[in-house]
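Engineer:
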């Protein structure tokens, strides 16, 4: 009876050993591919965020230049909104992508941008990586 039990026990141990080895190999392979996939997604997302922030920075810089040349070109309300956009851009934690305020700051920036454009009666929009913004008067 012991011989039969030994055969079954060794068969169960072999199965458990193969299962454990397969799991360990799969886990190691998953870590490697997951790390690479995460890196690629991070690069893509970082580029998109930087692209959008750069678009807003360019708009604020142009508008600020207009204000320096002709302080009465924009209303006080629009000037305050442009200043708020400047502050939001300055606060954006570019070096801290895991900072919990990034989504809130980006949403505030988008909203303020739309408000400035609406106040100036200009249709200017960020279209992402598919092309440049469109301007309509």
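Residue numbers (the numbering used here): 1268 to 1404. In this text, a Cβ means the ideal position worked out from N, Cα and C, and glycines have one as well.
Sorted by chain position, which residues of the same chain lie with C-beta nearer than 8 angstroms to residue 1310's C-beta, five sequence neighbours on each side aside?
Structural biologist: none
Engineer: How many Å lie between residue 1386 and residue 1333 at the Cα?
Structural biologist: Computed Cα separation, rounded: 16 angstroms.
Engineer: Going by Cα to Cα distance, which pick from 1305, 1293, 1312 is closest to residue 1370?
Structural biologist: Comparing Cα-Cα distances from residue 1370 to each of 1305, 1293, 1312, the minimum goes to 1312.
Engineer: What is the residue span of the alpha helix (DSSP H) that residue 1370 lies within?
Structural biologist: For residue 1370, the enclosing alpha helix (DSSP H) stretches over residues 1369-1386.
Engineer: Please return the same chain residues whose Cβ sits closer than 8 angstroms to the Cβ of residue 1349, not counting the five positions on each side in sequence.
Structural biologist: 1327, 1330, 1331, 1334, 1341, 1383
Engineer: How big is the Cα-Cα spacing for residue 1362 and residue 1298?
Structural biologist: 25 angstroms
Engineer: List the endpoints of the continuous alpha helix (DSSP H) containing residue 1354.
Structural biologist: 1343-1358
Engineer: Identify which residue in 1364, 1356, 1388 has its Cα closest to the Cα of residue 1375.
Structural biologist: 1356
Engineer: Are there 16 or more other CB atoms within 10 angstroms of the CB of residue 1294, so buried, or fewer, so exposed?
Structural biologist: Classification of residue 1294: exposed, given that the 10 Å Cβ count is below 16.
Engineer: Is it the case that the Cβ atoms of residue 1379 and residue 1351 are separated by a distance below 8 angstroms?
Structural biologist: A distance below 8 angstroms separates the beta carbons of residue 1379 and residue 1351.
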